[in-house]
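Trainee: Quick note: the sequence shown, position 121, residue 133 per the working numbering, numbers continuous.
Beta carbons: idealized from backbone N, C-alpha and C, even for Gly.
Bear in mind the structure is a predicted one, so any value in this text is a computation, not a measurement.
Dropping the structure in here first, questions after.
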Amino acid sequence: MGVYEAGGNGSNGTTTATTCNCCDMSLRCWCRWKFGNHQQQQQPQQNHHNLLHQRLVSLVFSSGFMFFLGCLVLYGSIGMFYGWLVFSKPYSRSTNVGVGLHSLGCQEDNEGSWSIGVFYGDSPFSLKPIEAVNEWRDEGAAWPVANPVVTCASLSDANFPSNFVADPFLYVQGDTLFLFYETKNSITMQGDIAVAKSTDKGATWQQLGIALDEDWHLSYPYVFNYLGQIYMMPESSQKGELRLYLALNFPLQWTLEKVLIKKPLVDSFIINHAGIYWLFGSDHSGFGTRRNGQLEIWYSSSPFGPWKPHKKNPIYNVDKSVGARNGGRPFVYDGNLYRVGQDCGETYGRRVRIFKVEVITKDDYKEVEVPLGFEEPNKGRNAWNGARYHHLDVQHLSSGKWIAVMDGDRVPSGDPVHRFILGSASLAAVTVVAVVLGVLLGAVKCIIPLSWCANYSGKRNNALLGRERSNLFSSKVRRFCSRLNRVPLCVRGKIKLYTWAGKLVLAVTIVVGVALMCTGVKYFYGGNDAEEAYPLNGHYSQFTLLTMTYDARLWNLKMYVKHYSRCSSVKEIIVVWNKGRPPRSSDLDSAVPVWIRVEDQNSLNNRFKRDPMLKTRAVLELDDDIMMTCDDIERGFNVWRQHPDRIVGFYPRLISGSPLKYRGEKYARRHKGYNMILTGAAFMDHTVAFERYWSKEAKAGRELVDRYFNCEDVLLNYLYANASSSQTVEYVRPAWAIDTSKFSGVAISRNTNVHYKIRSNCLLKFSQMYGSIAGRKWEFDGQAKTTQGQKQQSFTPENPSQMRNSGSGHQGFSSDKAIDLVMGANFSVLELIPRIRRVHIQNINHSLFFAPRSFHELFTNHVALHFPIYWHLLARPGQIDDVKIDGKSPIIPKGLESDPLRETERGMGAH
């Protein structure tokens with residue numbers, strides 16, 4: 013321990029050398045800090061400066077401070093590793109395939125991340141989201157279309173950077189819908205009015221641009237028609253007046269028509285009811301006005317005014333949760349007028365409320381709340397409107413149906429600030445834990461050195477005591493510091509680290525520190541905790557989750573449904589119940605509908621059974637014992653939407669060798685490629701996959717699956733490979749995946765060796781039935797490669813008789829080199845045409861199978877019918893060097909010389 017010299021003479025104040033420790037008072041010092049010896053200076057100012065410098069140096073190099081700093085570094089390293097492990101992603105979220113999100117758009121905003129959805133119904137009180145009515149759109153791989161239909165990305169990708177979109181209003185012109193809405197400009201950070209157009213009932217929207225841009229904030233673009241003219245009345249409260257604009261060239265050119273009221277009204281609308289024009293709005297500028305809880309009404313004989321205030325103004329000046337502030341366009345249904353208000357109780361814009369106007373006169377106004385009938389999402393932040401929705405515009409179409417647009421947000425207002433405060437508090441708590449650890453281990457013996465206290469300069473002389481008496485606050489601070497410094501000794505006296513209790517306290521303290529650090533990292537770098545869906549070409553869609561299980565795995569199923577039903581793009585869950593007493597749907601905690609399909613026979617083939625209950629094109633076959641993040645599921649769905657003709661999954665396998673042998677994922681990674689995706693966690697098009705699986709050609713394979721009670725996923729991979737010579741599988745690497753069956757002891761394939769042996773037998777059988785897939789191989793980065801043993805880009809089947817009904821081996825060929833293809837005439841050729849330069853075909857008397865359709869009837873024992881194939885190849889002059897049939901050049905049939913491609917199509921049908 014170090015000492016420093018300080019002292020004083022009570023009479024003249026001259027300094028003398030005296031030894032005193034850092035915590036010295038009239039009581040015993042409870043802690044010691046190292047301080048170096050101090051050389052007395054002649055000038056008091058220089059003396060004080062040197063004293064402070066030495067105290068700082070001694071503090072920095074003290075054992076207690078170094079321990080404290082070491083703890084922070086250790087916890088910080090743990091936090092960095094946690095952040096890298098959990099929050100770092102090797103992929104980027106994008107709005108289009110290959111096109112990243114606009115660099116300036118969709119920035120995190122304290123006001124939220126609002127987006128807009130479309131709803132349909134037979135009445136305003138039976139609205140369902142667009143995905144519930146199964147609105148299909150084949151372009152862009154959106155099956156079916158799902159909300160939201162307009163987001164900040166929609167506008168940003170159209171070169172109008174936006175942080176969020178909100179306050180939507182519809183304007184209907186025949187079959188065309190125009191959508192006006194607020195967009196927060198990512199550059200100016202102020203609200204502008206944007207407009208989009210839809211010609212397919214709101215399924216897709218074309219962004220037209222910015223309709224209105226002023227020097228102040230604009231929002232709530234209330235658009236209406238009056239005497240054949242189109243007007244817009246946006247909120248301009250920042251300007252301090254309510255302004256009315258006229259469309260010069262609808263929908264993008266507007267001019268100021270009139271200033272209606274010189275008041276900063278927010279969220280205002282005009283409606284003609286009973287021959288009188290009524291203006292509803294909120295003025296939050298008045299003294300004593302409750303923000304978001306105030307409503308005023310004016311009336312006039314014309315929408316241009318003059319406007320007179322209602323006798324009962326303000327109609328409301330109540331709590332913000334009542335719904336006083338307007339939340340959209342009023343509407344008339346069954347002769348009754350309804351007003352839309354917004355509840356801002358829990359957070360700004362928490363929900364909309366509907367009020368039926370019972371009385372509205374110049375002297376009186378009464379309304380009563382009625383239920384909207386809207387089912388709030390229960391997916392939390394994974395739903396685009398899971399946290400709040402505060403605006404609704406519902407309109408009656410000429411078809412008799414009702415259409416509505418509603419905005420929504422997945423996070424509450426002020427979420428970034430809230431996360432910053434909680435993250436800072438967590439990190440501050442980590443510093444406290446570090447001090448506690450130092451106290452427990454004896455490294456920190458003093459909490460606050462008394463030298464930090466006011467008016468402290470070492471030993472207390474008479475002059476210092478006099479100053480302390482005149483400064484009671486300084487004296488109290490010194491006493492508090494002294495008592496606080498006694499805490500370490502008291503703690504170490506009560507907690508003995510050599511006991512089990514002491515070791516437990518130490519371990520708990522360390523764990524608490526790690527938990528607090530990880531929590532702080534999560535709040536700072538984990539984002540808004542939402543696992544959002546990935547759009548494709550600006551559009552969202554949904555899929556059906558399908559799993560197969562039985563009574564012994566009910567525990568797995570309950571956890572499975574609770575987790576995956578909260579994923580954003582999951583529309584519903586179908587449980588294929590193979591054995592035992594099935595549970596009720598109400599027994600499962602699900603955010604989406606759950607259908608339980610009870611099977612008569614316990615068969616793995618039931619997994620791919622055709623089901624009329626399926627409403628989506630995409631199906632995720634996912635075993636009930638696999639747990640992974642919703643973000644991984646959403647990424648897989650996005651990849652499948654880019655390649656809907658493939659099996660897209662998370663568990664790759666490489667089938668190769670002679671004889672064929674089934675191996676795990678490590679083998680595929682060691683050989684840097686795969687040619688099979690296990691369907692225990694894979695997306696597929698059920699309209700294709702299930703038809704193939706239950707086709708006549710697959711009957712023998714299904715019987716083998718029932719015999720082994722295994723290999724149904726292997727069979728589907730062979731059927732896909734048999735149907736196309738192009739890539740049929742796609743791998744998506746998950747962040748992590750857990751097999752929960754290991755915790756319940758009900759794993760189907762507990763004996764790995766036996767399981768792999770059965771699958772190896774399946775490979776041999778399926779190769780005999782449908783042809784081998786060993787010639788195919790795709791790298792994990794998505795590139796195609798040939799298998800080992802191929803030389804000079806050539807391919808020769810080991811056993812041509814096994815290649816019947818197969819398109820095997822094609823994907824391995826490189827498109828930039830010539831290919832020598834020697835094969836039996838039962839081999840598919842057409843899909844290889846772009847890459848083939850020399851073709852030698854043998855055994856032409858064999859029947860042919862052309863993927864994905866069989867032309868068996870056309871080619872059996874008819875040599876002449878083979879010529880269209882050759883002419884299809886010869887139709888590219890200069891590209892095909894040599895074509896031979898059984899070693900001879902083909903004879904050109906008459907009539908094929910002029911247009912070989914047309915004759916090919918005529919002879920073979922559409923391929």
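1) Excluding sequence positions up to five away, which residues of its chain have a Cβ less than 7 angstroms from the Cβ of Tyr238?
2) Tell me whether Gly525 sits in a helix, a strand or coil according to DSSP, three-state version.
3) If you run the structure through DSSP and keep just helix, strand and coil, what is Leu272?
4) Relative to the C-alpha of Gly305, which candidate in Pro318, Phe299, Ala336, Tyr679 has its C-alpha closest?
5) Evaluate Ala519 with the Cβ neighbour count: other Cβ atoms within 10 Å of its Cβ, from every protein chain shown; 16 or more gives buried, anything less gives exposed.
6) Answer with buried or exposed for Trp748, where buried requires no fewer than 16 other C-beta atoms within 10 angstroms of its C-beta.
7) Within 8 angstroms, do at least three Cβ pairs link the stretch 276-295 to the stretch 312-327?
8) Glu930 by DSSP, collapsed to three states: which one?
9) Can you grab the Cα-Cα spacing for the pair Leu260 / Trp228, in whole Å?
10) Please report whether the beta-carbon of Phe137 lies at a distance below 8 angstroms from any beta-carbon of chain D.
11) Along the chain, where does the alpha helix (DSSP H) that runs through Asn397 open and close?
12) Taking the alpha helix (DSSP H) that His575 falls in, what are its first and last residues?
13) Indicate the three-state DSSP secondary structure (helix, strand or coil) for His698 in the structure shown.
14) Can you give me the Cβ contacts of Ala733 inside the same chain, cut-off strictly under 6 angstroms, excluding the 5 residues immediately before and after it?
15) Exposed or buried, Phe299, counting other C-beta atoms within 10 Å across all chains shown (16 or more means buried)?
16) By Cβ distance below 6 angstroms, which residues in the same chain neighbour Glu9 in space, the five residues on each side in sequence not counted?
17) Do His322 and Lys374 have their C-beta atoms within less than 8 angstroms of each other?
18) When the Cα of Thr355 is compared with those of Glu370, Glu269, His403, Asn722, which residue comes out closest?
19) Identify the continuous alpha helix (DSSP H) that holds Val177 and give its terminal residues.
20) To which residues of the same chain is Ile585 closer than 8 angstroms at the C-beta, ignoring the five residues directly before and after it?
21) The ligand PLP heavy atoms versus the CB of Val660: any closer than 7 angstroms?
22) Candidates Glu611, Val582, Asn146, Ser580: which alpha carbon is nearest Arg593's?
23) Roughly how many whole angstroms lie between the Cα atoms of Val726 and Met688?
24) With C-beta atoms as the reference, is Trp126 less than 8 angstroms away from Asp421?
25) Which of helix, strand or coil does DSSP assign to Gln219?
26) Within this structure, are the beta carbons of Ser444 and Thr521 separated by less than 8 angstroms?
27) Determine the closest residue to Val423 out of Ser779, Asp121, Val517, with distance taken between C-alpha atoms.
28) When you compare each of Pro141, Leu167, Phe172, Asn390 to Asn159 by their alpha carbons, which one comes out closest?
29) How big is the Cα-Cα spacing for Gly186 and Ile283?
30) Give the single residue among Tyr546, Ser297, Phe721, Val582 whose Cα lies nearest to the Cα of Lys7.
31) Assuming Tyr686 and Pro664 form a contact by the criterion Cβ under 8 angstroms, report the distance between their Cβ atoms to the nearest whole angstrom.
32) Check whether the stretch 634-644 and the stretch 705-724 touch, using three or more Cβ-Cβ pairs below 8 angstroms as the test.
33) Would you mind sorting Cys502 into buried or exposed? The rule is 16 or more other CB atoms within 10 Å of its CB.
34) Name the two residues that bound the continuous beta strand (DSSP E) containing Ser231.
35) For Asp643, which residues of its own chain have a beta-carbon under 6 angstroms away from its beta-carbon, when the five flanking residues on both sides are left out?
36) Kindly provide the ranges of any beta strand (DSSP E) runs that are 3 or more residues long and lie completely inside the stretch 314-388, ordered along the chain.
Mentor: Based on what the coordinates show:
1) By 1-based counting over the sequence shown, the position of residue 238 is 226. Same-chain partners within the cutoff: Pro315.
2) Here the question's residue 525 lines up with position 513 in the sequence shown. Gly525: helix per DSSP, three-state reduction.
3) Here the question's residue 272 lines up with position 260 in the sequence shown. DSSP places Leu272 in strand when its eight states are reduced to three.
4) Stepping through the sequence shown from its first residue, residue 305 is reached at position 293. Minimum Cα distance to Gly305 is reached at Ala336.
5) Sequence index remark: in the sequence shown, residue 519 carries index 507 (1-based). Burial call: exposed.
6) One-based indexing of the sequence shown puts residue 748 at position 736. Its Cβ having fewer than 16 others within 10 Å, Trp748 is exposed.
7) yes
8) Residue 930 lies beyond the residue range present for the chain, which begins at 13 and ends at 923; the question has no answer from this structure.
9) Taking the first residue of the sequence shown as 1, we reach residue 260 at position 248. Taking the first residue of the sequence shown as 1, we reach residue 228 at position 216. Distance between the alpha carbons of Leu260 and Trp228: 21 angstroms.
10) Among the chains of the structure shown, chain D does not appear; only one protein chain is present.
11) If you number the sequence shown from 1, residue 397 lands on position 385. Here Asn397 belongs to no alpha helix (DSSP H), and DSSP marks it neither H nor E.
12) Numbered from its first residue, the sequence shown carries residue 575 at position 563. Counting along the chain, the alpha helix (DSSP H) containing His575 begins and ends at 566-576.
13) On the sequence shown, position 686 is the one that residue 698 refers to. Correct three-state label for His698: helix.
14) Position 721 of the sequence shown holds residue 733. Hits under 6 angstroms: Thr740, Ile785.
15) As a working note, residue 299 is residue 287 in the sequence shown. With fewer than 16 other Cβ atoms within 10 Å, it is exposed.
16) Because residue 9 is not part of the residues shown, which for the chain are 13 to 923, the question remains open.
17) Mapped onto the sequence shown, residue 322 falls at position 310. Mapped onto the sequence shown, residue 374 falls at position 362. The answer is yes: Cβ separation under 8 angstroms.
18) Here the question's residue 355 lines up with position 343 in the sequence shown. As written in the sequence, residue 355 is Asp, which differs from the Thr given in the question. Residue His403 is the option with its Cα nearest to Asp355.
19) Locating residue 177 in the sequence shown gives position 165, where the first residue counts as 1. Val177 -> not in any alpha helix (DSSP H); beta strand (DSSP E) instead, spanning 174-185.
20) The count along the sequence shown starts at 1 and reaches residue 585 at position 573. Cβ neighbours of Ile585 beyond the five flanking positions: Thr556, Leu557, Leu558, Thr559, Val573, Tyr576, Ser577, Ser602, Val604, Pro605, Val606, Trp607.
21) By its list of ligands, the structure shown contains no ligand whatsoever, and the ligand PLP lies outside what it can speak to.
22) Along the sequence shown, one-based indexing puts residue 593 at 581. Out of Glu611, Val582, Asn146, Ser580, Glu611 has the C-alpha closest to the C-alpha of Arg593.
23) Against the sequence shown, residue 726 aligns to sequence position 714. Against the sequence shown, residue 688 aligns to sequence position 676. C-alpha separation (whole angstroms): 8 angstroms.
24) As a first step, residue 126 is located in the sequence shown; it is residue number 114 there, counting from the start. As a first step, residue 421 is located in the sequence shown; it is residue number 409 there, counting from the start. In this structure, Asp421 lies closer than 8 angstroms to Trp126 by Cβ.
25) Residue numbering aside, residue 219 sits at position 207 when the sequence shown is read from its first letter. DSSP places Gln219 in strand when its eight states are reduced to three.
26) In the sequence shown, the residue the question calls residue 444 occupies position 432. In the sequence shown, the residue the question calls residue 521 occupies position 509. The amino acid occupying residue 444 in the given sequence is Val; Ser does not appear at that position. Not in contact: Val444 and Thr521 (Cβ atoms no closer than 8 angstroms).
27) One-based indexing of the sequence shown puts residue 423 at position 411. Nearest of Ser779, Asp121, Val517 to Val423, Cα basis: Asp121.
28) The residue labelled residue 159 in the question sits at position 147 within the sequence shown. Looking at the Cα atoms, Pro141 is the closest of the given residues.
29) Residue mapping note: residue 186 aligns to position 174 of the sequence shown, counting from 1. Residue mapping note: residue 283 aligns to position 271 of the sequence shown, counting from 1. So the two alpha carbons sit approximately 22 angstroms from each other.
30) The structure shown does not extend to residue 7, since the chain is modelled only from 13 to 923, so the question has no answer here.
31) Start at 1 with the first residue of the sequence shown, and residue 686 comes out as number 674. Start at 1 with the first residue of the sequence shown, and residue 664 comes out as number 652. The pair is a contact, with the Cβ atoms about 4 angstroms apart (cut-off 8 angstroms).
32) no
33) For this step, residue 502 is matched to residue 490 along the sequence shown. With fewer than 16 other Cβ atoms within 10 Å, it is exposed.
34) Residue mapping note: residue 231 aligns to position 219 of the sequence shown, counting from 1. Element bounds for Ser231: 231-238.
35) Numbered from its first residue, the sequence shown carries residue 643 at position 631. The residues are Glu543.
36) 343-345, 348-355, 363-372, 377-382
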